[in-house]
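Since the structure comes first, as structure tokens, the remarks are kept for the end.
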Amino acid sequence: MSRREFIGAAARGALVLGAGGAALGAGAAVLCSAARATSRTFTDSETIFPNPERGWFQTVDPMQNSYGGVPGNGTMPQEPPEGYERMALTPERLARHRAEGVTLVRKYYSLYYYRDRDIPASFIADYPQADFDAVRRAGLKMIPRFIYNWNLDPDSGYDRNDATLQWILRHIGQISGVLRKNSDVIAHVELGLVGHYGEWHYSGEPQPNGHLAGETALSWTHPDGGTVEATYPSGLNSASRRIIEAMLDALPPERQIAMRYLYHIRHYQAKTGAAPLDESSAHTGSDVSRLGMIDDSLLHSPAHRGSYTPPQADRRVYEAEREFVRRQSRFAVQSGEPSGKDGTGYLRRQCPLRELQLMSWDSLNRDQYESWRDGVYELWRRTGTYDEIGKRLGYRFNLISASARESVRPGGTLSVTVRLKNTGFSAPYNARPVALVLRDGDGGHHEARLSLSEADARRWTPGKEHTLRFRVRLPESLSAGQTCRLFLWLPDASSSLRLRPEYAIRIASDLGGRPVWEPETGFNRLGVSFSVSGEPVVPDASLPLFTSMSALPDSPEPLLDRAPAAIDPLDTERPDYEVPDGHAVLDFADRPDAAGYNALAGDYAGVRFSGDLYTSGADTGKCLFLGPGGSRREGRIVLPTGTKLRSFLLNRNVFDGTFDRLTLTSNGRVYRQENPAGWWALHRLPESWLSGANNVIDVAVESDSSWGAENLVLDDLVYG
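So the sequence shown is numbered by UniProt numbering: it starts at 1 and just counts up by one.
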């Protein structure tokens, strides 16, 4: 079946079936039924193949004057060559990367010439946007990093200083649109922007525009349970913290950023009062849960050239840092590159597989200059390590067994159990649907999806077995006499990529001597089938209803319940209402700083919001002001961790009668009001919204035409 035929069949007759029952732990009973079951066991595949958001990545940086080659440091000027971004992502080169098993491209975007001015719209359109379009067509994803300084020598004549905080925040605001628009093809973002290479070194406070504090003391938990103290050459100040938070806010909450130094991550945790990540705090969408790591000197020395404290200087601190990274990388992205040998032969004495497994590595640069120069890649190829790294970076799922009942009556319940394991170094760091696909006797497809609470692939840790159990009602359209086959499907979470097989996860298993992977659809064969036979039964009403795929909302996050809440706002004239105990009201009495996502003073500590949403003009007062200026305006409000927005006042100033839509989105929950009426209206957010929302709220206002003088104003936000 071709991909075109598959999508056509899905659009004609595929149904979405809700899946009941929680995922079982390893060793749980396979089926609780007296009916006969059919089962299959699988063999692990040793084949190396591409899978999304993991593996070796191709890098494109200003040192390269021929894409894919590394000529050497002395052959290039100290600034990026004119138009170097353009040589990166041609269709031919991307197709070659894909054929070589690469699904990720890490690219640096130089903002050197815009350190004190706006980024031209043409730059964003010609470079990042064009690149995102190219990788989407080719079936890959990107790891972008924006920088100001590359390898600038002191005597080069070029300015080695970072941009000012105001310009960095403004630039983040300028690129946020292209990042959000293309988040479907962004695996994660490297923070960049500060210091040489965007690696957050050589940007201390004594330097002009320095965004890092000086020496900083931090405490760590040692693996033996004790606490150790250490002092580091740099830490975070108010500027660097605002840069981190602005970049987090520039991305959807389901995307992570990666930082170069582990002690900066630990310092951010300390400054925000957060503990290191664990099972309960991981994958929550909070700021600290979205901070991953970059190790840009893997095994260069025991200290990884600055990644860790040298063990000879303080072994207990070194051990505590290593334990921190081991725990953190279980739940957040871990990426980076080797960087050549240190002259002592340390790297050549190490087996990288142990390090990559211990620290849960997801991706690794295959094109780092020093590693080419010093023969690191060649050493790993000669010893057979290179292919093993490529096979196990990130996740690698293997099926163990699958079982299902041999026959089900029309309208009856189908029970399917799937056992799998993860033989990779890590687990996916982005959420992914887990679905059972049923192919009926007519070639139509139906899917049953487990919720994140039932099956979250991000928690399928290596070295353990994981059991999935599906209990779903058969579609009433399945008549007696049909034989149906079953598949496991792990598609991309975005609606734009969901039906593209190259973005689905391929299982590394064989059945009957051939791969379980079905490349035309992105399905993985389970090798079990069942017949529909007997008299129809009354469907089990406790199981979810069937929904045709053609009726699904075009949501960028199909994993989440994004149904809008129904509520009739109460129209009043600036109503007074009680504020519940323990809650606070934002009435915007304090003017924030000029640029970026800003913290309000006093009672509003911990609150940030898009600077372009704020106004204090004489006509509007101090409030969140959306419009005029086009058909869509958007921004973000970030409340203190652990709080939620409870209610707000909405003022719709109608002058030209255009149609408006207000949408508040938080952790996948959507509150939507179309053509809201009234001068001042009180909106109390319903429990259906509050039950899944968190402290991050994306605000969007849309109009069928340009607003003109019309606008929407939000004021008196109650949170707690």
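For glycine and all other residues, C-beta sits at the position ideal for the given N, C-alpha and C.
Legend entry - Proximity of Arg409 and Val516 at Cβ, strictly below 7 Å: no
Legend entry - Residue from Phe123, Tyr261, Gly444 and Thr231 whose Cα sits closest to the Cα of Glu190: Tyr261
Inset, instruction - Drop a sphere of 10 angstroms on the beta-carbon of Val718, count the other beta-carbons inside from all chains shown, and report buried for 16 or more, exposed for fewer. - result: buried
Legend entry - Between the CA atoms of Glu321 and Pro640 - distance to the nearest angstrom: 28 Å
Inset, instruction - Just the C-alpha distance for Val185 and Ala130, rounded to the nearest angstrom, thanks. - result: The straight-line gap separating the alpha-carbon atoms of Val185 and Ala130 is approximately 12 Å.
Inset, instruction - Indicate the three-state DSSP secondary structure (helix, strand or coil) for Val437 in the structure shown. - result: strand
Legend entry - Assigned secondary structure, Trp380 (DSSP; H/G/I helix, E/B strand, else coil): helix
Legend entry - Proximity of Arg449 and Pro462 at Cβ, strictly below 7 Å: Not in contact: Arg449 and Pro462 (Cβ atoms no closer than 7 Å).
Legend entry - Alpha carbon of Leu452 to alpha carbon of Leu468, nearest angstrom: Cα to Cα, Leu452 sits roughly 12 Å from Leu468.
Inset, instruction - Report, in whole angstroms, the separation of the C-beta atoms of residue 739 and Gly55, which I expect to be a contact under 8 Å. - result: The structure shown does not extend to residue 739, since the chain spans only 1 to 720, so no value can be given for it.
Inset, instruction - Give the secondary structure of Pro311 by DSSP, where H, G and I count as helix, E and B as strand, and everything else as coil. - result: coil
Inset, instruction - Determine the direct distance from the alpha carbon of Ser360 to that of Ala427, and round the result to whole angstroms. - result: 8 Å
Legend entry - According to DSSP, residues forming a beta bridge with Tyr671: Leu664
Inset, instruction - Measure the alpha-carbon distance for Gly720 versus Lys644 and round it to whole angstroms. - result: 6 Å
Legend entry - Whole alpha helix (DSSP H) elements within the segment 104-166, 4-residue minimum: 121-124 and 130-138
Legend entry - Start and end residues, beta strand (DSSP E) containing His283: No beta strand (DSSP E) contains His283, which DSSP labels as neither H nor E.
Legend entry - Host alpha helix (DSSP H) of Ile507 (start-end): Element bounds for Ile507: n/a, residue is neither H nor E.
Inset, instruction - Check the DSSP bridge columns for Asp44 and list the partner residues they point to. - result: Ser509
Inset, instruction - Decide if the segment 219-233 is in contact with the segment 164-183; the criterion is three or more beta carbon pairs, one per stretch, under 8 Å apart. - result: no
Legend entry - Test item: CB-CB of Thr483 and Gly441 under 7 Å: Result yes, Cβ atoms of Thr483 and Gly441 sit closer than 7 Å.
Legend entry - Secondary structure of Pro338, DSSP reduced to three states: Three-state result, Pro338: strand.
Inset, instruction - Determine the burial state of Tyr113: buried for a count of at least 16 other Cβ atoms within 10 Å of its Cβ, exposed for fewer. - result: exposed
Legend entry - Simplified DSSP assignment, three categories, for Met247: helix
Inset, instruction - Measure the C-alpha to C-alpha separation of Asp224 and Thr309 and round it to an integer number of angstroms. - result: 18 Å
Inset, instruction - Round the Cβ separation of His283 and Asp342 to the nearest angstrom and send it over; I've been treating them as touching at under 8 Å. - result: So it is not a contact: roughly 36 Å between Cβ atoms.
Inset, instruction - Give the secondary structure of Asp296 by DSSP, where H, G and I count as helix, E and B as strand, and everything else as coil. - result: strand
Legend entry - Residues sharing a beta bridge with Gln58, DSSP: Val105
Legend entry - Residues bridged to Lys271 (per DSSP): Answer by DSSP bridge pairing: none, since Lys271 is not bridged.
Inset, instruction - Output yes or no for whether 7 Å exceeds the beta carbon distance between Asp667 and Asn694. - result: Inspection of the sequence shows that residue 667 is occupied by Asn rather than by Asp. Yes, they are a contact pair.
Legend entry - Integer-rounded CB distance, given that Asp249 should sit under 8 Å from His211: The pair is not a contact, with the Cβ atoms about 17 Å apart (cut-off 8 Å).
Inset, instruction - Measure the beta-carbon distance from Val376 to Ala402 and round it to whole angstroms, keeping in mind my assumption that it falls under 8 Å. - result: Contact doesn't hold; Cβ gap of about 41 Å is too wide.
Legend entry - Proximity winner among His196, Pro50 and Ile637, relative to Lys141 (alpha-carbon distances): Minimum Cα distance to Lys141 is reached at Pro50.
Inset, instruction - Figure out for me which residue from Asn209, Ile244, Arg170 and Gly534 has the closest Cα to the Cα of Glu406. - result: Nearest option by C-alpha distance: Gly534.
Legend entry - Exposed unless 16 or more other CB atoms sit within 10 angstroms - verdict on Thr521: buried
Legend entry - Endpoints, the beta strand (DSSP E) within which Ile389 is located: From DSSP, Ile389 is part of no beta strand (DSSP E) but of the alpha helix (DSSP H) over Thr385 to Arg392.
Inset, instruction - Could you have a look at Asp456 and say whether DSSP puts it in helix, strand or coil? - result: coil
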